[in-house]
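Written out below as structure tokens is the structure these notes cover.
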Amino acid sequence: MELSVSTRAVASYTVLEVAGEIDVYTAPQLRERLIALVEGGARYVVVDLSGVEFLDSTGLGVLVGALKRLRGVNGELRLVCAHERLLKIFRITGLDRVFALYDTVATATAGSAG
Amino acid sequence: MPTVRLSFTAAPAHVRTARLVGVAVARRAGVSPDLFDEIRLAIGEACSRAVALHRQHGLSDLVDVALTDGETFTVRVTDRAPIEAALGPAVPDLADPVAPRPGEDRPGSDLWDGTSRPVDDRTPTDPQVEEAEEAVAVGMRLALLAGLVDQITVRPAESGPGTEVVMSWPAAGRVNGVPG
């Protein structure tokens with residue numbers, strides 16, 4: 001198992017729970033799921049990265065693509081990421097200032113966008 | 115002298131193999147486990163770069179990874195893409211490629227580097243989307259490599275066409291000659 005993706009609804013949000021490794025090989029799967037969600041009408045999307053062990057630049061590109069796609073339809077993308085290993089990647093690339101990052105799904109679906 | 119060499123066709127699936135092998139060799143070389151995460155990521159990024167270059171140029175050549183153990187643990191990833199193509203994306207302006215500019219109130223709005231149309235012009239299935247995401251990924255890749263690895267050099271390959279990315283980390287097993 002390299003990447004698993006599942007969706008569930010929490011309040012008005014669609015939560016995409018991702019587990020495994022997001023890299024140059026698996027990122028296309030994530031892209032397809034995110035595109036399908038937006039095409040299916042989801043506008044408030046939370047990507048839960050809590051189960052992600054590895055994230056590379058290709059995965060970041062897909063997340064940035066999803067952010068832009070959702071903004072284009074007046075939607076919103078929030079990320080749940082508490083692991084220092086992943087947070088470091090967002091900091092190094094400056095994306096910690098681009099994405100709304102939350103510690104838990106509960107805070108991501110409760111508060112207003114950071 | 116390389117301790118371990120690995121060559122693979124430019125398929126994304128093999129990048130994971132290279133990461134796993136790289137960390138296994140680093141462990142044997144006595145590199146501090148604290149560095150494994152960044153070594154894993156750096157090897158992945160260097161290999162992803164080579165795979166992308168080979169695929170862009172339709173090359174069937176193998177990507178070569180040489181892992182050398184000594185006072186330092188050194189990783190050399192060699193691609194075979196035409197040098198002018200490879201050096202373009204390989205030696206960019208690394209100054210924080212995606213940082214929001216001062217005063218910019220929509221921080222995600224200019225991640226495309228001015229090279230493509232605004233996202234609103236596209237349908238979600240537009241093939242341009244994938245291309246644009248790849249362009250973002252290239253910027254991220256360079257930011258990650260520059261931000262993660264203290265010792266990194268990108269230069270023309272030792273022989274033949276292509277470039278090599280050479281990265282090294284202290285091999286903690288050795289008491290002498292280990293940089294701070």
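From first to last, the protein sequence lines are chains A and B.
Residue numbering for the first sequence follows our numbering, starting at 1 and increasing by one per position.
Residue numbering for the second sequence follows our numbering, starting at 115 and increasing by one per position.
Cβ atoms here follow ideal geometry from the backbone N, Cα and C, with glycine treated the same way.
Problem set entry | With 16 other Cβ atoms within 10 Å as the buried cut-off, status of A/Thr109 | Under this definition A/Thr109 is a buried residue.
Exercise. What residues from the stretch 124-146 of chain B come within 9 Å of chain A, judged by C-beta to C-beta, listed N to C?
Worked result: Residues Ala125, Pro126, Ala127, His128, Val129, Arg130 and Arg133.
Problem set entry | Residue range of the beta strand (DSSP E) that includes B/Ala285 | B/Ala285: not part of any beta strand (DSSP E); DSSP gives it neither H nor E.
Problem set entry | Contact set for A/Glu39: own chain, Cβ-Cβ below 8 Å, skip 5 residues either direction | Cβ within range, chain order: n/a, list empty.
Exercise. Any idea which residues DSSP pairs A/Gly51 with across the strands?
Worked result: Listed as beta-bridge partners of A/Gly51 by DSSP are A/Ala19.
For this session: Per DSSP, which residues does B/Gln265 bridge with? Please list them.
Result: Note: B/Gln265 sits in a beta bridge opposite B/Ser282.
For this session: Answer with buried or exposed for B/Leu134, where buried requires no fewer than 16 other C-beta atoms within 10 angstroms of its C-beta.
Result: By the 10 Å Cβ count, B/Leu134 comes out exposed.
Problem set entry | C-beta contact flag for B/Asp183 and B/Ala143 at 7 Å | In this structure, B/Ala143 lies closer than 7 Å to B/Asp183 by Cβ.
Problem set entry | Proximity test, Cβ basis, 7 Å: A/Arg85 and chain B | Residue-level contact check: A/Arg85 touches chain B, since one or more beta carbons of chain B fall below 7 Å from its beta carbon.
For this session: State yes or no: is the beta carbon of A/Leu60 nearer than 7 Å to at least one beta carbon in chain B?
Result: Yes, A/Leu60 counts as interfacial toward chain B.
For this session: Measure the CB-CB distance between A/Ser57 and B/Ala251 and report whether it falls below 7 Å.
Result: Going by C-beta atoms, A/Ser57 is nearer than 7 Å to B/Ala251.
Problem set entry | Distance, A/Arg78 Cα to A/Leu37 Cα | Distance between the alpha carbons of A/Leu37 and A/Arg78: 14 Å.
Problem set entry | Continuous alpha helix (DSSP H) stretch holding A/Asp56: start and end | Looking at the DSSP string, A/Asp56 is not in any alpha helix (DSSP H), and its letter there is neither H nor E.
Exercise. Beta carbon of B/Ala143: closer than 6 Å to some heavy atom of the ligand FMN?
Worked result: Within the structure as shown, the ligand FMN is missing, as the structure has no ligands at all.
Exercise. Taking only beta-carbon atoms, is B/Glu272 less than 7 Å away from chain A?
Worked result: Interface with chain A (7 Å Cβ-Cβ cutoff): B/Glu272 is excluded.
For this session: Output the distance between the C-alpha atoms of A/Ala106 and A/Gly20, rounded to the nearest integer angstrom.
Result: If you take the alpha carbons of A/Ala106 and A/Gly20, they lie about 21 Å apart.
For this session: Determine the burial state of B/Ser162: buried for a count of at least 16 other Cβ atoms within 10 Å of its Cβ, exposed for fewer.
Result: B/Ser162 should be labelled buried.
For this session: Look at the alpha carbon of B/Thr188 and the alpha carbon of A/Leu67, and state the distance between them as a whole number of angstroms.
Result: Taking the straight line from one Cα to the other gives about 37 Å.
For this session: Give a yes or no on whether the minimum CB-CB distance between B/Ser174 and chain A is below 7 Å.
Result: Not closer than 7 Å to any Cβ of chain A, the Cβ of B/Ser174 fails to qualify, so no.
For this session: With DSSP as the reference, please indicate the residues paired to B/Phe187 in a beta bridge.
Result: Paired residue(s): B/Trp283.
For this session: Please state whether DSSP places B/Ser162 in a helix, a strand or coil.
Result: Annotated three-state conformation of B/Ser162 is helix, per DSSP.
For this session: Taking only beta-carbon positions, decide if A/Asp96 is within less than 7 Å of chain B.
Result: It does not; no Cβ of chain B falls within 7 Å.
Exercise. Among B/Thr277, B/Leu120, B/Arg130 and B/Ile157, which residue has its Cα nearest to the Cα of B/Leu258?
Worked result: Checking every option, the nearest Cα to that of B/Leu258 belongs to B/Ile157.
For this session: Whole angstroms is fine: what's the gap from A/Val62's alpha carbon to A/Gly72's?
Result: Cα to Cα, the separation comes out at about 15 Å.
Exercise. For the beta strand (DSSP E) that B/Val137 lies in, which residues bound it at each end?
Worked result: For B/Val137, no beta strand (DSSP E) segment is defined; the enclosing uninterrupted segment is the alpha helix (DSSP H) at Pro126 to Arg142.
Exercise. Of all Cβ atoms in chain A, is any one closer than 7 Å to the Cβ of B/Asp227?
Worked result: Annotation note: pLDDT 44 at B/Asp227 (below 50); position unreliable, no value reported.
For this session: For the beta strand (DSSP E) holding A/Thr7, just list the boundary residues, first then last.
Result: First-last of the beta strand (DSSP E) with A/Thr7: Leu3 to Val10.
Exercise. Between the beta-carbon of A/Ile89 and the beta-carbon of A/Val52, is there less than 7 Å?
Worked result: The beta carbons of A/Ile89 and A/Val52 sit no closer together than 7 Å.
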